Structure formats: structure tokens, C-alpha cells
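S.K.: Line order of the protein sequences matches chains A and B. To convert, note that position 82 of the first sequence is 82 in my numbering; the numbers rise steadily by one, no gaps. My numbering runs 93 ahead of the 1-based position in the second sequence. Cβ coordinates follow ideal geometry from the N, Cα and C atoms, glycine included. Only a predicted model underlies this, so the values are computations on that prediction, with no experimental measurement involved.
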Amino acid sequence: MATVLIPTPLRKFTNHTSKVTVRSTKVSDVMMELTASFPDLTKHLMDADGKTASFINIFVDQDDIRNLNQEQTEVTAKTVISIVPAIAGGVQK
Amino acid sequence: MLHIEPSILRSLIANVEPYPEECCGFFLGHVGATSCTITKSMAMNNSTAGNKQTNFEITSKDYLYTESIAEEENLALLGVYHSHLNHPAVPSEVDRLAAMPNFSYIIISVMDRKFDSIRSWQLDTHSQFQEEKIIIDSLI
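See the structure below:
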């Protein structure tokens, strides 16, 4: 089963677990499986349309899925999927 | 509530004070029952493609690196800091929209390249920033 690394700010919603194993074989299913297991994660990971929120980046092993096959990117039992919150800000847009 | 060691506070100020651009980084430490203690800070490159005098961004790779350091050193990644140049240490709407829950956001105000103030903020359950107290340990 693939492993999902939960970012520190969201571990409160995964019973303080940093690594979650999933059976899914593509990223979109991984996200659905993850939020089904931990529903409180949903509003922090997904937008109103049920897609991954714009402020969340997903890496499959070392690669951003935007450089792979987006949410259709396939994963295997050895894959490590990292959920990374966007870290940005400032005094104006 | 955030406890911070004086040496860490000095390093944060030294990191942000001289620069004509927003500086940023992470801080790590220990989580207690009612407060957190910062024991380490890690300066990061401001990678924003926008105006670095008014905005900052930390890459995903830098975030993942910091998480790996936290795990290696058995520390908790407590939050992110950044500077506001010639602007109060108060989060902007840009800061709020990008913020995560359960994370501390330290803002260091630098006026005319001199440290002015440091404040920390956390999102509440309504996704609004509330200030959290910073305690400098040597002053307890």
C-alpha cells in the first residue's frame, strides 16, 4: 500500500498520525480514500467542487503531480505521497 | 502561547533586519499541554515570483526538507515566520488566505531596516487570525 505523508498542521485531523497507508492506485482515489478515513481533513484539502484545493500541492515521491499526470498519476505500494500546504503571504496581492 | 529562547529570537531578528525584501522561514520545537516552545529556526529562500518587498513564498521542496529535519531531530514543525517591511506585524488578507490551521504564523515588523516588533498569530475555527502570546523565556 502507498504511504501518504500528512503535513504537521493537518495531523490533528488524522489522530496525530504523520503517515497513512492507502490502497488506492491513483492520486485522485488516494485523496478520496484519505478524506473518507479522516473526514475533518476534507475542508483543508478539497475545494467546493471536490477537487484538490489550489493551496495544496501533492508530490508523488519527489515530483509535483503538476509535472506528472496531475491527479490521474498512478501510485504503487512503494510510492510516498506528500501533501504540502502552500506557504506564502505578504502585505498585498 | 509560544515560548521562544532569546538566542532564537536574536537569530530571527538578525535574519530579517538587514534585508530590503521580505524574509521567511520555519521554526521548530516542542509541543506542551498549553504552549509550544521554539528551539530551532530555519531561514528559507523567498521564492515568490512577485514583489519580494511585499510578498513571500516558500517552495514545496523547502517545506518537505523542513518536515524531514523535524522528524530527524524529533521536533515539531510549529509554524512559519516572515517579515513585513515598513508595515505592522499584523497579518494581511493575503496571509490569512494562505494560512493553515494548527500552525503559528510569526510576523516580524521591520521599519527602515530596524526591528520594530514581533507578533504571532493562529487561525481560529472560523479561519480568522487570533493573536497568540509570545513569551521570551529569559524574561519569565
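1. Kindly indicate which three-state DSSP category B:K154 falls into: helix, strand or coil?
2. Where does the unbroken alpha helix (DSSP H) through A:V30 begin, and where does it stop?
3. What residues of chain A sit near B:P194, judged by a beta carbon separation below 8 Å?
4. Could you pull the start and end residues of the beta strand (DSSP E) that A:T3 belongs to?
5. I need the straight-line Cα distance from B:I201 to B:C117, nearest angstrom please.
6. So, does the CB of B:L95 fall closer than 8 Å to a CB anywhere in chain A?
7. Under 9 Å Cβ-Cβ, which residues of chain B neighbour A:F59?
8. CB-CB under 6 Å to B:K133, same chain, minus the five flanking residues each way: which ones, in chain order?
9. Opposite B:F208 in the DSSP bridges: which residues?
10. Count the other CB atoms, across all protein chains shown, that sit within 10 Å of the CB of A:V84; report buried if there are 16 or more and exposed otherwise.
11. Give the range of the alpha helix (DSSP H) segment to which B:P99 is assigned.
12. By Cβ distance, which residues of its chain are closer than 7 Å to A:L68, with the 5 residues on each side in sequence left out?
13. For B:D217, name the three-state secondary structure that DSSP assigns.
14. Confirm, please, whether the CB-CB distance from A:A86 to B:F149 is below 8 Å.
15. Of all the residues that make up the segment 78-93 of chain A, which are near chain B by a beta-carbon distance shorter than 8 Å?
16. Can you confirm whether A:F38, when its beta carbon is compared against all beta carbons of chain B, has any partner nearer than 8 Å?
17. Have a look at B:H180, B:I131, B:Y112 and flag the residue whose alpha-carbon is nearest the alpha-carbon of B:I227.
18. Tell me the DSSP secondary structure of B:S161 in three-state form.
19. Taking the alpha-carbon of A:G90 as reference, which of B:N108, B:T218, B:A182, B:D188 has the nearest alpha-carbon?
M.R.: Working from what's here:
1. If you number the second sequence from 1, residue 154 of chain B lands on position 61. DSSP places B:K154 in helix when its eight states are reduced to three.
2. Taking the first residue of the first sequence as 1, we reach residue 30 of chain A at position 30. Taken as a continuous stretch (DSSP letters only), the alpha helix (DSSP H) holding A:V30 covers 27-37.
3. Here residue 194 of chain B refers to the residue found at position 101 when the second sequence is read from its first residue. Residues of chain A passing the Cβ test: P9, L10, K12, H44.
4. Position 3 of the first sequence, counted from the first residue, corresponds to residue 3 of chain A. Its beta strand (DSSP E) spans residues 2-5.
5. Translated into positions along the second sequence, residue 201 of chain B becomes position 108. Translated into positions along the second sequence, residue 117 of chain B becomes position 24. A straight-line Cα-Cα distance of about 10 Å links B:I201 and B:C117.
6. Indexing the second sequence from 1 puts residue 95 of chain B at position 2. Closer than 8 Å: no.
7. If you number the first sequence from 1, residue 59 of chain A lands on position 59. Under the 9 Å cutoff, chain B gives S153, K154, L157.
8. Within the second sequence, the letter at position 40 stands for residue 133 of chain B. L121, listed in sequence order.
9. As a position in the second sequence, residue 208 of chain B is number 115, starting the count at 1. Under DSSP, B:F208 forms a beta bridge with B:V203.
10. One-based indexing of the first sequence puts residue 84 of chain A at position 84. A:V84 should be labelled buried.
11. The sequence position of residue 99 of chain B within the second sequence is 6, counting from 1. Annotation for B:P99: the continuous alpha helix (DSSP H) segment containing it runs 99-109.
12. By one-based count along the first sequence, residue 68 of chain A stands at place 68. Closer than 7 Å at Cβ, skipping near neighbours: V60.
13. Taking the first residue of the second sequence as position 1, residue 217 of chain B is located at position 124. Of the three classes helix, strand and coil, the one that applies to B:D217 here is coil, per DSSP.
14. Within the second sequence, the letter at position 56 stands for residue 149 of chain B. Within the first sequence, the letter at position 86 stands for residue 86 of chain A. No.
15. S82, V84, P85, A86, I87, A88, G89, G90, V91, Q92, K93
16. For this step, residue 38 of chain A is matched to residue 38 along the first sequence. A:F38 has a beta carbon lying at 8 Å or more from every beta carbon in chain B.
17. Counted from its first residue, the second sequence places residue 227 of chain B at position 134. The option with the nearest alpha carbon to B:I227 is B:I131.
18. For the purposes of this step, residue 161 of chain B is taken as residue 68 along the second sequence, with counting starting at 1. In the structure shown, B:S161 sits in a helix (DSSP, three-state: H, G or I).
19. Reading the first sequence from its first residue, position 90 is the one you call residue 90 of chain A. It is B:D188.
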